[in-house]
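Heads up: the structure comes next, in structure tokens.
In the working numbering, the protein residues as written are 438 to 1170.
Quick look at the structure:
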């Protein structure tokens, strides 16, 4: 182009002179003949000196050379732009966080380059050998850092891409990369990329030479870098690599995705299948066990005479009948890998996996191992995690190793084993769980020589639930079970000295023990709130949901993690088995389009062994005014007798309003017998707020929960609660 410009500068004056001379001659000729000049026929241009009238060959050569130079420049410019565009698209598609759009663009570019080749083949600078070859040092460094399930993390992929993709320059021909083991895998069969937050661009088959971007995408699928290098040396076109075993059982899509493997998830799955028999339901749980019920872990399992019960998790109910802790045997579930294939759908459980990220707009979740699962409807039933005392968390590793936070099957097995190896166990907490474990371990203290201590800041067991007089009576009952109860005990610090744990209270008292069980409440699991954009209640914790247990479009919440609005008692969060069953069941129905509000008043129960138990409903807070009506208990007023009558060990959600009405109509008012002092054999406790009953505790009174539920639902003021207590037939023989 520069040469053409130089020639033009030299010849331009001559061209202008010739053109001027031709124009002057034409004007003279026109004036002479008195008519318009026929320019094409009469005028003659000359490239020679003025007036010479010579040949115009040089002028034609000049114009032709100019046109030819412009054409060559335009052609080379367009060709270069196309090359740079292709290189840019390849670079964009090679980035590990690009989606399917980049892959489609890359495929389109490669196809165009194949159909319409340019004049000059694009070239890349040949990078140094160390940038493409896998060295022994790289292999050792890669294998020395284990990655979960044999996967390559996002950072590893990015580093691999940066190291293996040189910056393209126009100098030398493309050097074929060494690693190309998985180039032949087609797009349609490529497994979903699970190592990054966004999927890598799929592999595009092409007859053109392989590019570094294709290699970078499939490096994570191999088990190690050394295997990739070996395969590349053995055969340039290796067989497609199968997905790793860790991800082979993860379905890419689940119409119904349930996060959490507890009671609420199982109840929802059963409800979904009842309304949609062909539904495909996937439960994802970080536990290694199939869905199971938690109440027996602190109750019946501790009273079993079968030494194998710890392993089999089969227990005898208070009525003597044996059952498993699991809701269903393994044969009930389908394999996660076969969930999309089974003809009539089913329920699959993906164990040992945790959902760590939710993409609400994209309707998909990311698991802890990097796998991604898309869904149509999703339930969050993550439950909660046990709280711990800050003084224990700050005490150090040795104290934490000797502390149990009781929640799961593995916690039960661990504590059962520890109870047979140590000389003393201290339970911190006076609520439901702490009192149940104290009675369970206290029964073993006599035979095993185990010292069991229970301490809590209240004045008596379950002091936050029961009125003071009944709490004191319960404390004495626990002491009779062989437990040393320490009341008004606030832990100041815990230390490990001389192979023992020293617990120092704020009032100066000091206790030594071998092991601690912290039973101080539950913290709802709301880790997904940030990525999912869900609202967490600041007062009660848990995900805030509407009356249909829906947190947002296509997402519902049930169980301990749900903070719902009670039409009678206001916004609440409940941590009991019955609530998990009922809320999970309702959420499952609403996921199939039922659109039902949650009005159910869930109940809960606790047993202090087979002889003393209670059921409760509503707001049972000892700070509220209470009215208690008691009667003398009989042999049938025990949890054991109640399960013998009902045939089940789980006193739960089976009650209905119809039953309550029938019981009410059959009730006869009988005068209460003379009650012995402080003999709280059985009775009914009413919790009042603004003279309205908002909570009821049935103390050793069973199978009367529908009546209590109806009283709270009516929300009426009662002039004489003794008359209301007669509805429960507590005075019958």
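Idealized CB from N, CA, C, for every residue including glycine.
Going by C-alpha to C-alpha distance, which of 1151, 723 and 1054 sits closest to residue 1122?
By 1-based counting over the chain shown, the position of residue 1122 is 685. Answer by Cα proximity: 1054.
How many angstroms separate the CA atom of residue 852 from the CA atom of residue 1005?
Locating residue 852 in the chain shown gives position 415, counting from the first residue. Locating residue 1005 in the chain shown gives position 568, counting from the first residue. Straight-line Cα distance between these residues: approximately 40 Å.
Which whole-angstrom value is the C-beta distance of residue 814 and residue 991, which I expect to be below 8 Å?
Numbered from its first residue, the chain shown carries residue 814 at position 377. Numbered from its first residue, the chain shown carries residue 991 at position 554. With 8 Å as the limit, residue 814 and residue 991 qualify as a contact, their Cβ atoms being about 6 Å apart.
Take the Cβ of residue 935 as the centre, count every other Cβ of all protein chains shown within 10 Å, and call the residue buried at 16 or more, exposed below.
Within the chain shown, numbered from 1, the residue matching residue 935 stands at position 498. By the neighbour-count rule (16 or more Cβ atoms within 10 Å), residue 935 is not buried but exposed.
With a 10 Å radius around its C-beta and 16 neighbouring C-beta atoms as the bar for buried, classify residue 833 as buried or exposed.
Position 396 of the chain shown, counted from the start, is the residue given in the question as residue 833. With fewer than 16 Cβ atoms within 10 Å of its Cβ, residue 833 is classed as exposed.
Where DSSP assigns a beta bridge to residue 862, which residues make up the other side?
Start at 1 with the first residue of the chain shown, and residue 862 comes out as number 425. Beta-bridge pairing links residue 862 to 889 and 952.
Please state whether the Cβ-Cβ distance between residue 829 and residue 836 is less than 7 Å.
Residue 829 sits at position 392 when you count from the first residue of the chain shown. Residue 836 sits at position 399 when you count from the first residue of the chain shown. It is a contact, given that the beta carbons lie within the stated cut-off.
How would you write the range of the alpha helix (DSSP H) that residue 1016 sits in, first residue to last?
Taking the first residue of the chain shown as 1, we reach residue 1016 at position 579. Where residue 1016 is concerned, the enclosing alpha helix (DSSP H) stretches over 1014 to 1028.
Per DSSP, what kind of secondary structure is residue 804 in: helix, strand or coil?
As a working note, residue 804 is residue 367 in the chain shown. Here residue 804 sits in strand by DSSP.
Keeping to the same chain, check which residues put their C-beta closer than 8 Å to that of residue 1059; ignore five residues upstream and five downstream.
The residue given as residue 1059 occupies position 622 in the chain shown. Excluding residues within five positions, the ones whose Cβ falls inside 8 Å are 900, 901, 902, 903, 904, 905 and 908.
What residue from 1118, 838, 1167 and 741 has the CA that sits closest to residue 951's CA?
Taking the first residue of the chain shown as 1, we reach residue 951 at position 514. Closest by alpha carbon: 838.
Below 8 Å, how does it come out for the segment 940 to 948 and the segment 762 to 776: are there three or more Cβ pairs, yes or no?
As far as the Cβ criterion goes, the segment 940 to 948 does not touch the segment 762 to 776, which means the pair count is below three.
Expressed to the nearest angstrom, what Euclidean distance is found between the alpha-carbon atoms of residue 1031 and residue 854?
One-based indexing of the chain shown puts residue 1031 at position 594. One-based indexing of the chain shown puts residue 854 at position 417. Using only the alpha carbons, I get a separation of about 46 Å.
Closest by CA to residue 778, which one among 527, 1157, 716 and 521?
Position 341 of the chain shown, counted from the first residue, corresponds to residue 778. When only C-alpha atoms are compared, the closest one is 716.
For the alpha helix (DSSP H) that contains residue 837, what are its first and last residues?
As a working note, residue 837 is residue 400 in the chain shown. Looking at the DSSP string, the run of the alpha helix (DSSP H) that includes residue 837 is 834 to 838.
Using the rule of at least 16 other Cβ atoms within 10 Å of the residue's Cβ for burial, across every protein chain shown, is residue 711 buried or exposed?
Here residue 711 refers to the residue found at position 274 when the chain shown is read from its first residue. By the 10 Å Cβ count, residue 711 comes out exposed.
Between the segment 762 to 770 and the segment 719 to 733, are three or more C-beta pairs nearer than 8 Å?
Touching, yes, given that three or more Cβ pairs across the two stretches are closer than 8 Å.
Exposed or buried, what is residue 858 when buried is set at 16 or more other beta-carbons lying within 10 Å of its beta-carbon?
Translated into positions along the chain shown, residue 858 becomes position 421. Its Cβ having fewer than 16 others within 10 Å, residue 858 is exposed.
Taking the alpha carbon of residue 1070 as the reference point, which residue from 959, 695, 874 and 1050 has its own alpha carbon closest?
The sequence position of residue 1070 within the chain shown is 633, counting from 1. Looking at the Cα atoms, 1050 is the closest of the given residues.
With a Cβ-Cβ cutoff of 7 Å, do residue 1057 and residue 980 count as a contact?
Taking the first residue of the chain shown as position 1, residue 1057 is located at position 620. Taking the first residue of the chain shown as position 1, residue 980 is located at position 543. Result no, Cβ atoms of residue 1057 and residue 980 do not sit closer than 7 Å.
Look at residue 722 and residue 698 and say whether their C-beta atoms are less than 7 Å apart.
Residue numbering aside, residue 722 sits at position 285 when the chain shown is read from its first letter. Residue numbering aside, residue 698 sits at position 261 when the chain shown is read from its first letter. Cβ atoms of residue 722 and residue 698: closer than 7 Å.
Alpha carbon to alpha carbon, how far is residue 811 from residue 688? Give it in angstroms, no decimals.
Against the chain shown, residue 688 aligns to sequence position 251. Against the chain shown, residue 811 aligns to sequence position 374. Spanning the two alpha carbons is a distance of roughly 9 Å.
List in chain order: all unbroken alpha helix (DSSP H) runs of 4+ residues lying wholly within the segment 938 to 1000.
Counting whole runs of 4 or more residues, the segment 938 to 1000 contains the alpha helix (DSSP H) stretches 966 to 969.
Can you tell me where the alpha helix (DSSP H) holding residue 1147 begins and where it ends?
Taking the chain shown and counting its residues from 1, the one referred to as residue 1147 is at position 710. From DSSP, the alpha helix (DSSP H) with residue 1147 extends over 1142 to 1151.
Select from 1126, 1135 and 788 the residue whose C-alpha is nearest the C-alpha of residue 1117.
Counting from 1 along the chain shown, the entry for residue 1117 is found at position 680. The shortest C-alpha separation from residue 1117 is found at 1135.
In whole angstroms, what separates the C-alpha of residue 511 from that of residue 525?
Taking the chain shown and counting its residues from 1, the one referred to as residue 511 is at position 74. Taking the chain shown and counting its residues from 1, the one referred to as residue 525 is at position 88. About 21 Å.
Can you tell me whether residue 827 is helix, strand or coil according to DSSP?
Here residue 827 refers to the residue found at position 390 when the chain shown is read from its first residue. Helix at residue 827.
Taking residue 1018 as the reference, which of 508, 497, 696 and 703 has the closest Cα?
What you label residue 1018 is simply residue 581 of the chain shown in a count that begins at 1. Of 508, 497, 696 and 703, the residue nearest in Cα terms is 703.
So, are the CB atoms of residue 866 and residue 994 less than 7 Å apart?
The count along the chain shown starts at 1 and reaches residue 866 at position 429. The count along the chain shown starts at 1 and reaches residue 994 at position 557. Their beta carbons are not under 7 Å apart, which means residue 866 does not touch residue 994 by this criterion.
Beta carbon of residue 879, beta carbon of residue 919: below 7 Å?
Within the chain shown, the letter at position 442 stands for residue 879. Within the chain shown, the letter at position 482 stands for residue 919. Contact flag set, yes.
Just list the residues that DSSP pairs residue 1008 with in beta bridges.
Taking the first residue of the chain shown as 1, we reach residue 1008 at position 571. According to DSSP, residue 1008 bridges with 1002.
With a 10 Å radius around its C-beta and 16 neighbouring C-beta atoms as the bar for buried, classify residue 927 as buried or exposed.
As a working mapping, residue 927 is identified with position 490 in the chain shown. Exposed: under 16 other Cβ atoms inside 10 Å.
With DSSP as the reference, identify every bridge partner of residue 1136, one or two as the case may be.
In the chain shown, residue 1136 corresponds to position 699, counting from 1. Note: residue 1136 sits in a beta bridge opposite 1051 and 1120.
Between 754, 737, 809 and 748, which has its C-alpha nearest residue 691's C-alpha?
Within the chain shown, numbered from 1, the residue matching residue 691 stands at position 254. Answer by Cα proximity: 809.
Let's see if you can read the secondary structure: which residues bound the alpha helix (DSSP H) around residue 851?
In the chain shown, counting from the first residue as 1, residue 851 sits at position 414. Counting along the chain, the alpha helix (DSSP H) containing residue 851 begins and ends at 846 to 856.
Taking the beta carbon of residue 735 as the centre, do at least 16 other beta carbons fall within 10 Å, making it buried, or is it exposed?
In the chain shown, the residue the question calls residue 735 occupies position 298. Buried, by the Cβ-count rule.
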